[in-house]
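Residue 52 in my numbering sits at position 52 of the sequence shown; the count goes up by one each step and never skips.
Below is one structure, written out as structure tokens; the observations come after it.
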Amino acid sequence: MITTESTPSKFKPYTRQTIHLARQWQWLTPDLQEAVQVVSHVLPFRVNAYVLEELIDWNKVPDDPIYRLTFPHRDMLPAHEYEQLRELVLFKKDEEATARLVHGIRMRMNPHPAGQMTHNVPRVNDAPPKGLQHKYLYCCKTP
């Protein structure tokens with residue numbers, strides 16, 4: 001019996017530390033490679049072989065929409081923060097200073113948009129219970 005089904009390949013994730021092992025990495029310009037290496041210290045980066053091989057049109061990078069959604073870009077950070085981080089990551093290679101700068105950048109990004117920490121926290125006896133947050137009317141109704 002002949003089948004047309006192919007054997008699925010094993011899931012293979014790539015991160016900042018391993019993306020250079022993907023053959024597609026060589027197709028990126030040095031500037032795009034640098035942006036991934038720098039910005040991925042601040043923002044999470046993980047991609048798998050299926051996305052790299054099947055979903056990204058490498059002839060349209062960096063404008064391919066799946067590439068834009070998946071890979072970190074220089075414009076995801078303010079220019080001065082990118083330059084500071086670039087210096088630490090690529091030249092000084094100071095892990096402690098990098099960690100401090102990354103933490104500061106992350107804290108300046110809005111991790112709780114739209115009043116999540118003020119408008120979406122229930123109150124019991126005028127105090128917010130630890131660890132509770134609601135976002136939709138139907139999940140906070142009381143009988």
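Where a beta carbon is used, it is the ideal one built from N, C-alpha and C, also for glycine.
Coil, strand or helix - residue i by DSSP
i: T15; result: strand
i: R86; result: helix
i: A97; result: helix
Alpha-carbon to alpha-carbon, residue j and residue i
i: R100; j: R74; result: 19 Å
i: T15; j: D126; result: 44 Å
i: M107; j: D94; result: 20 Å
i: T98; j: R123; result: 38 Å
i: E146; j: Q24; result: With the chain covering only 1 through 143, there is no way to say anything about residue 146.
i: L21; j: E96; result: 26 Å
Given residue i as reference, the closest of the options once Cα atoms are compared
i: I19; options: K130, V42 and A49; result: A49
i: I66; options: L88, V47 and K12; result: V47
i: L32; options: W58, E54 and K10; result: W58
i: F71; options: R86, A35 and Q84; result: A35
i: L69; options: K92, L85 and P44; result: P44
i: F11; options: Q37, Q24, W25 and V51; result: V51
i: D64; options: P13, L90, Q37 and L28; result: L28
i: A79; options: I56, V38 and P129; result: V38
DSSP bridge partner residues for residue i (one or two, in chain order)
i: R46; result: T15
i: V61; result: Answer is none; V61 lacks a bridge partner.
Supposed contact pair residue j and residue i - C-beta distance, whole angstroms, cut 8 Å
i: L77; j: V42; result: 6 Å
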